[in-house]
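Step one of this worksheet: look at the structure below.
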Amino acid sequence: LTNSSGFGLDDVTTCEVFDFTTQRLRYVHPASHFTTNPHPNPVYLDGSLYWLTDCEVPKVLSFDLHTETFHVICNAPFAHVLDPLSVTICILDNRLCVSLRNWPTQDIWSFQYSSKTWAKMCSIDLTQNFFLVFGTFFFA
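Throughout the sequence shown, residue numbering follows our numbering, covering 13 to 152 in sequence.
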């Protein structure tokens, strides 16, 4: 999944998959209508890849590898991300999770598939858990 940029290509997303039968890349049509957050790589869970979109209210975008279709699963549990590097999508305990670092805290939510809602797993006080020494972060 690639966000395109340049004259006439703003907010265009393309998707290519590798076809093992033909040993070639091919485009998936239609691709997602959303651009994705450029920082975190997608994560894999239960046959799908997941990204966060680069919207004012970020959404969780999935790509089903079997049907080669995109779906918006839900909104992220936060809005108005100022720094794309502060957001992470990951798999914890076989669940889709997202994290937002908003100094001085980092919040982690877990997606509840049955109710299609987010549950906050934890809120970490970063001032108590790491320190900076000569430009390098260390966790206590």
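Idealized CB from N, CA, C, for every residue including glycine.
Remember, it's a predicted structure, so these values are computed and weren't measured experimentally.
Beta-carbon contacts of residue i that lie in its chain and below 6 Å, excluding the five residues immediately before and after
i	result
residue 89	121 and 130
residue 61	54 and 75
residue 106	none
Residue interval of the beta strand (DSSP E) (run including residue i)
i	result
residue 82	81-87
residue 131	129-137
residue 69	Premise fails: residue 69 is in no beta strand (DSSP E) and is neither H nor E.
Same chain, Cβ closer than 8 Å to residue i, five either side skipped, listed in chain order
i	result
residue 6	This structure gives no information on residue 6, because the portion of the chain shown stretches from 13 to 152.
DSSP three-state assignment for residue i, whether helix, strand or coil
i	result
residue 126	coil
residue 77	coil
residue 118	strand
residue 18	Residue placement at residue 18 cannot be trusted, given a pLDDT of 49 that sits under 50; what the coordinates show is reported in the next sentence. In the structure shown, residue 18 sits in coil (DSSP, three-state: anything other than H, G, I, E or B).
C-alpha distance - residue i paired with residue j, whole-angstrom precision
i	j	result
residue 108	residue 118	17 Å
residue 59	residue 102	15 Å
Same chain, Cβ closer than 7 Å to residue i, five either side skipped, listed in chain order
i	result
residue 32	none
residue 128	86
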